[in-house]
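Visitor:
Protein chains in written order, with my numbering: chain A, 1 to 315; chain B, 1 to 315.
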């Protein structure tokens with residue numbers, strides 16, 4: 001946690017939150033890129049800033065052909081403007097401006113024994129005072145190592161538990177449901193946490209402030225780099241075979257299927273004329289499709305498939 | 001045209017059309033596979049028959065690692081059962097059974113100088129007497145050769161013109177509109193023809209029978225193999241470079257984007273619990289994504305991109 005950062009404490013003025021939160025997210029993007037470049041040891045992030053026609057813009061940072069990361073992106077954006085008519089209609093709201101900011105990450109490692117990872121943290125608000133936080137992290141190993149899966153989920157649970165006892169079980173279940181590929185009848189990976197529409201709550205039994213939500217979102221954002229680099233630095237040393245690369249390419253194909261067919265962020269981005277290269281930076285450098293591929297009985301590949309299901313308790 | 005086939009003339013009994021049409025389609029599948037195996041000269045189609053839980057089934061024929069075709073599928077299916085509630089609601093119809101049959105093809109060649117091709121011909125009817133034919137062919141060259149594009153469109157125009165003067169211009173425009181990737185602002189390839197909801201028409205100015213429509217659909221089905229093998233047999237002899245393969249992989253990535261994000265058949269299949277491996281046999285053996293890839297100024301790759309737009313008159 002970056003305790004010196006003034007943007008960790010939200011001011012009393014709602015109109016200042018946009019800047020506070022997006023500034024903090026931009027800092028997070030930098031810290032994560034630095035940590036990933038250190039772990040990679042070869043490639044650096046290429047930085048592209050872009051502007052959105054309707055208002056705002058972002059910075060895409062993409063790393064390719066590294067020692068650790070074959071292709072990965074760490075995106076920051078802060079966009080604003082008139083709320084899309086479809087959203088207003090859906091929410092039965094009068095016209096209002098929106099502001100959305102966040103950091104979004106997908107990393108495709110070179111070594112098939114290192115998992116793919118995704119993280120997203122975001123904030124949305126409207127000029128009518130509506131706001132919420134959302135986000136998630138999920139891990140997609142090409143080969144499931146139990147110790148990594150346990151470490152990953154335990155780390156998320158520790159981060160969640162600091163903020164609310166209900167967070168981990170609730171958000172873990174949401175991730176199982178969200179990161180699921182119905183037509184394959186398998187989860188994308190071993191899940192993680194997924195949350196959305198987090199706002200302040202003030203009931204007899206539950207009192208959570210906007211600052212509490214923001215503290216939680218920052219916790220998750222800061223947890224990303226240490227969790228991933230720990231798994232990656234361990235597994236990147238393992239040697240791998242041509243067959244394991246082939247399997248990695250097939251699993252990446254499933255990643256493409258999830259992102260293009262089901263991922264809400266991708267669909268929303270493409271439908272609302274977002275910056276295509278930033279939205280699709282989540283796609284892998286190389287993906288393969290073989291007809292009716294089935295892993296060998298008793299193989300590590302088959303074991304992995306057997307663990308791609310909802311409801312596994314890893315902690 | 002296979003004039004000895006009794007299923008070329010529809011009987012006077014509507015209830016017999018299902019069998020007549022699906023039997024003819026199954027024959028077409030065989031003829032096309034034979035022609036493609038001859039052109040390939042190495043690999044053979046692997047045949048998988050499958051049954052659909054709600055009624056009917058199909059035969060998927062897939063070829064992999066050939067001389068000409070790196071991965072391709074020629075699917076036949078004939079499925080029936082209760083019409084999906086969403087379709088009945090959309091059409092404001094009482095419950096009715098449906099029957100759908102067709103042949104669907106996507107071929108990904110090995111040589112990047114040979115184009116990807118897609119063809120689909122299909123028939124749909126309901127127990128309430130509603131029916132239509134649909135289909136299309138489109139060509140997706142990784143490198144556009146003008147002579148091939150002209151030959152392809154002229155061949156389709158000749159096939160169309162035998163049946164109605166309006167077909168080629170009308171269906172060519174529909175293909176331009178359908179095979180389009182909005183988020184890339186480019187067409188999938190150089191288009192072709194696309195048609196749907198073809199039924200009998202009986203007005204003062206236009207009289208087209210169901211038999212006329214069926215004759216047209218058979219014409220297109222039979223045109224596929226000679227058109228494609230002519231282009232493929234010529235271009236497969238050209239030598240190619242590593243850079244051209246890289247470009248092919250990137251173009252295949254766009255093919256994946258179109259099929260998973262926009263293609264109606266794919267979406268419908270996945271949403272209605274179709275056989276995943278048959279639906280996704282359209283995906284390439286290997287596809288690549290590079291961040292913000294741009295072809296060199298003045299290159300053949302750039303020329304190709306410049307021709308991926310609507311409204312080009314190739315005939």
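Think of the CB as a built atom: it goes at the ideal place given N, C-alpha and C, for glycine as much as any other residue. Note that the structure is a prediction, hence the values are computed from the model and not measured.
Counting pairs of Cβ atoms below 8 Å between the region 5-13 of chain B and the region 289-305 of chain A, do you hit three or more?
Guide: no
Visitor: Quick one: is residue 147 of chain A buried, meaning 16 or more other Cβ sit within 10 Å of its Cβ, or exposed?
Guide: exposed
Visitor: I need the DSSP call for residue 5 of chain A, collapsed to helix, strand or coil.
Guide: coil
Visitor: Quick test of your reading: residue 279 of chain B and residue 224 of chain B, contact by CB under 8 Å. State the CB separation rounded to the nearest angstrom.
Guide: That belief does not hold up - the Cβ atoms of residue 279 of chain B and residue 224 of chain B are roughly 20 Å apart, past 8 Å.
Visitor: How many Å lie between residue 311 of chain B and residue 188 of chain B at the Cα?
Guide: 13 Å
Visitor: Taking only beta-carbon atoms, is residue 153 of chain B less than 8 Å away from chain A?
Guide: no
Visitor: Give me the residue from A:32, A:218, A:154, A:213 with the minimum Cα distance to residue 202 of chain A.
Guide: Nearest C-alpha to residue 202 of chain A: A:213.
Visitor: Helix, strand or coil, according to DSSP, for residue 45 of chain A in the structure here?
Guide: coil
Visitor: What are the boundary residues of the alpha helix (DSSP H) that includes residue 243 of chain A?
Guide: 242-257
Visitor: Could you list the residues in the region 46-62 of chain B with a C-beta less than 9 Å from some C-beta on chain A, going in chain order?
Guide: Result list: 46, 48, 60, 62.
Visitor: Per DSSP, what kind of secondary structure is residue 264 of chain B in: helix, strand or coil?
Guide: Residue 264 of chain B carries a helical assignment under DSSP once its states are collapsed to helix, strand and coil.
Visitor: Using a Cβ-Cβ cut-off of 8 Å, state whether residue 284 of chain B counts as contacting chain A.
Guide: yes
Visitor: Which word fits residue 1 of chain A, buried or exposed, when buried means at least 16 other C-beta atoms lie within 10 angstroms of its C-beta?
Guide: Low confidence applies to residue 1 of chain A: its pLDDT is 45, below 50, so where it sits in the model is not reliable, and the reading given next is rough at best. Its Cβ having fewer than 16 others within 10 Å, residue 1 of chain A is exposed.
Visitor: Return yes when the Cβ of residue 163 of chain B is within less than 8 Å of the Cβ of residue 222 of chain B, no when it is not.
Guide: no
Visitor: Determine the contact status of residue 335 of chain B and residue 45 of chain B, defining contact as a CB-CB distance below 8 Å.
Guide: The structure shown does not extend to residue 335 of chain B, since chain B spans only 1 to 315, so no value can be given for it.
Visitor: I'd like to know if residue 1 of chain A contacts chain B, where contact means its C-beta is closer than 8 Å to some C-beta of that chain.
Guide: Because the pLDDT of residue 1 of chain A is 45, which lies under 50, any placement of that residue in the model is unreliable, and the number read from its coordinates should be weighed accordingly. Not one chain B Cβ lies under 8 Å of residue 1 of chain A.
Visitor: Which residues, taken in chain order from the region 163-184 of chain A, show a beta carbon closer than 7 Å to some beta carbon of chain B?
Guide: 183, 184
Visitor: In the DSSP output, what is residue 125 of chain A paired with across the bridge?
Guide: A:99, A:131
Visitor: In this structure, what does DSSP give as the bridge partners for residue 138 of chain A?
Guide: Paired residues: A:118, A:192.
Visitor: Please confirm whether residue 260 of chain A has its beta-carbon closer than 8 Å to some beta-carbon of chain B.
Guide: yes
Visitor: Taking the alpha-carbon of residue 232 of chain A as reference, which of A:26, A:30, A:66, A:59 has the nearest alpha-carbon?
Guide: Put simply, of A:26, A:30, A:66, A:59 the residue whose alpha carbon is nearest the alpha carbon of residue 232 of chain A is A:66.
Visitor: Here's the rule: buried if 16 or more other CB atoms are within 10 angstroms of the residue's CB, otherwise exposed. What is residue 299 of chain A?
Guide: exposed
Visitor: Helix, strand or coil for residue 165 of chain B? Go by DSSP, reduced to three states.
Guide: Coil.
Visitor: Are any of the Cβ atoms in chain A nearer than 8 Å to that of residue 199 of chain B?
Guide: Output row for residue 199 of chain B: interface = no.
Visitor: Under 6 Å Cβ to Cβ from residue 314 of chain A, same chain only, skipping five residues before and after it: list those, please.
Guide: Same-chain partners within the cutoff: 149, 150, 153.
Visitor: Suppose you measure from the CA of residue 186 of chain A to the CA of residue 157 of chain A; what does that come to, to the nearest Å?
Guide: 23 Å
Visitor: By alpha-carbon positions, which one of B:72, B:80, B:169, B:33 ends up nearest to residue 53 of chain B?
Guide: B:80
Visitor: Report yes if the CB atom of residue 108 of chain B is closer than 8 Å to the CB atom of residue 284 of chain B, and no otherwise.
Guide: Yes. Within cutoff.
Visitor: Name the DSSP bridge partner or partners of residue 32 of chain B?
Guide: Paired residues: none, contrary to the question.
Visitor: Output, in chain order, the set of chain B residues within a Cβ distance shorter than 7 Å of residue 276 of chain A.
Guide: 183, 184
Visitor: Using only CA atoms, which one of B:82, B:40, B:268 lies nearest to residue 68 of chain B?
Guide: B:40
Visitor: Using 8 Å as the limit for Cβ to Cβ distance, is residue 288 of chain B near chain A?
Guide: yes
Visitor: Along chain A, which residues have their Cβ under 7 Å away from the Cβ of residue 281 of chain B?
Guide: 291
Visitor: Under a three-way DSSP split, which group does residue 186 of chain B fall into?
Guide: strand
Visitor: On the three-state DSSP scale, how would you describe residue 294 of chain A?
Guide: coil
Visitor: Along the chain, where does the alpha helix (DSSP H) containing residue 276 of chain B start, and where does it finish?
Guide: 276-279
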